[in-house]
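Numbering (my numbering), first residue to last: 12 to 511.
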């Protein structure tokens, strides 16, 4: 029986990899294009690409990343922790950094995670098929095939789900050691993974407190609280501060300077806004793929709650804690959208599958098959795609941008990182080509209005607008030239030599 189970598991791994690779290639092929010809399309993708380039060259960006003059102490990684780029840097160090490096690394991460999941739990062939279908649902697949780093979050979620199930099944304390290490690494990549410390302390508390209810509860609350403070403090010093109403949540050393009542008001206000935003987005006709992503999250939350109420066994609580906790937590800290909800809800869904039997397993197969089909329907029928590709028609444009940006020299002996920071004013849309073409080590700071003190920056500014005339009144006292580019005016400020 054991050998058959292992054979089924290996077969499941093969099925998982074949399907994932086919979907990645299917997503990548768009007008005779492949995953290897795509170019970062969004400013987030260019941020990641630029930072990987800087880490390879100097160990970290030598300039500041941020918004309106804010900046992190060591680089800037958006909503992520400072370790989020480690697998992409590793792959780039081995195979070189290309525009497609992040997408290829995403593929490798998902393949590795699913192999580990199947082998750690030795799931059946039917369960392996369900896992495959589930992990190829619309929003997860879409982001995994882009130059975004979301696939790494799914990588951690899949592994953590396997370790949680293993820790529940097997009482060996070594499993909890593995779990603690992986949760810590995941939390350094994305801080919302601290939600996994709740089930960790629940499982550890069973060994320490036995049947002492109050002692057990104290261990869970105090242990989780300490982990949250530690990992969010690390997060706060490694990222730029660009929150408005929720700054005190992301930066604990600032939180205590705020009044308690004002903090509570901001928490409730941001929670309501962030939770309602995905609902409004979901009903927009142009983003049906997003709608099905949120339906997926809601379905997992409901199923995990039913699972929670089915028995009093502690292992039945974990999926609900992960799915409901992450929705609440991300709605407070971040924009409450599907891709921020996905990692922990993916883990919850995988845990539900491993406990499903008989009719429940058949129902899971049907539901996961439906979401898998939606992936192809969204692509084939609605045709959503925001990818751009490297083609002959845009080759000259990219080369000219790279030639201009190469004139910006990095000063490794700069007295302040501001001297290696490219200040970019956002008007119509982020200037992604200029981000990805900036020299290694360059920091990027976005501005909505021009800062008063320009002397601290590189003597070069980029301003995008649909109408150059509309921008001239903002540039009083500034030297600039206008370059026409596909109907968009790009105004670049060049400082005098003495200002350098």
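Just so you know, even glycine gets a beta-carbon here, dropped at the ideal spot from N, CA and C.
Judging by CA-CA distance, which residue of the options is the nearest neighbour of residue i?
i           : options            : result
residue 4   : 53, 25, 333, 104   : Missing from the structure shown is residue 4; the chain here goes from 12 to 511 and no further.
residue 164 : 143, 132, 182, 91  : 91
residue 208 : 133, 407, 238      : 238
residue 449 : 419, 429, 73       : 419
residue 251 : 57, 456, 306       : 456
residue 317 : 332, 304, 303, 305 : 332
residue 382 : 122, 50, 304       : 304
residue 338 : 126, 46, 359, 232  : 359
residue 141 : 374, 187, 413      : 374
residue 412 : 429, 443, 421, 386 : 443
residue 68  : 107, 174, 246, 17  : 107
residue 210 : 194, 123, 248      : 194
residue 134 : 371, 46, 20, 312   : 20
residue 132 : 170, 157, 206      : 170
residue 93  : 197, 280, 330      : 197
residue 17  : 64, 139, 32        : 139
Just the Cα atoms here: how many angstroms apart are residue i and residue j?
i           : j           : result
residue 228 : residue 243 : 22 Å
residue 216 : residue 230 : 6 Å
residue 384 : residue 148 : 8 Å
residue 98  : residue 116 : 7 Å
residue 118 : residue 59  : 17 Å
residue 235 : residue 185 : 20 Å
residue 427 : residue 154 : 36 Å
residue 354 : residue 167 : 8 Å
residue 103 : residue 88  : 18 Å
residue 144 : residue 380 : 6 Å
residue 53  : residue 458 : 17 Å
residue 113 : residue 159 : 7 Å
residue 321 : residue 432 : 55 Å
residue 286 : residue 445 : 33 Å
residue 233 : residue 366 : 30 Å
residue 55  : residue 434 : 16 Å
residue 109 : residue 328 : 43 Å
residue 76  : residue 66  : 13 Å
residue 341 : residue 14  : 42 Å
residue 187 : residue 178 : 6 Å
residue 225 : residue 183 : 24 Å
residue 248 : residue 128 : 33 Å
residue 47  : residue 124 : 22 Å
residue 122 : residue 335 : 27 Å
residue 189 : residue 415 : 49 Å
residue 101 : residue 95  : 12 Å
residue 371 : residue 314 : 11 Å
residue 369 : residue 137 : 11 Å
My output table needs one value for residue i: the three-state DSSP class, helix, strand or coil.
i           : result
residue 341 : helix
residue 419 : coil
residue 456 : strand
residue 433 : strand
residue 77  : strand
residue 335 : helix
residue 71  : coil
residue 50  : strand
residue 537 : Within the shown structure, residues of the chain are numbered from 12 to 511, placing residue 537 beyond reach of any answer.
residue 111 : coil
residue 86  : coil
residue 95  : coil
residue 55  : helix
residue 325 : helix
residue 103 : helix
residue 265 : Bear in mind that the predicted position of residue 265 carries a pLDDT of just 37, short of 50, making it too unreliable to give a figure here.
residue 238 : helix
residue 20  : helix
residue 61  : helix
residue 147 : coil
Buried or exposed: residue i, going by 16 or more other Cβ atoms within 10 Å of its Cβ?
i           : result
residue 424 : exposed
residue 283 : exposed
residue 447 : buried
residue 212 : buried
residue 324 : exposed
residue 61  : buried
residue 83  : buried
residue 417 : exposed
residue 240 : exposed
residue 218 : exposed
residue 454 : buried
residue 363 : buried
residue 308 : buried
residue 410 : exposed
residue 192 : exposed
Uninterrupted beta strand (DSSP E) stretches inside the region 169 to 202 (no shorter than 3 residues)
The region 169 to 202 contains no whole beta strand (DSSP E) run of 3 or more residues.
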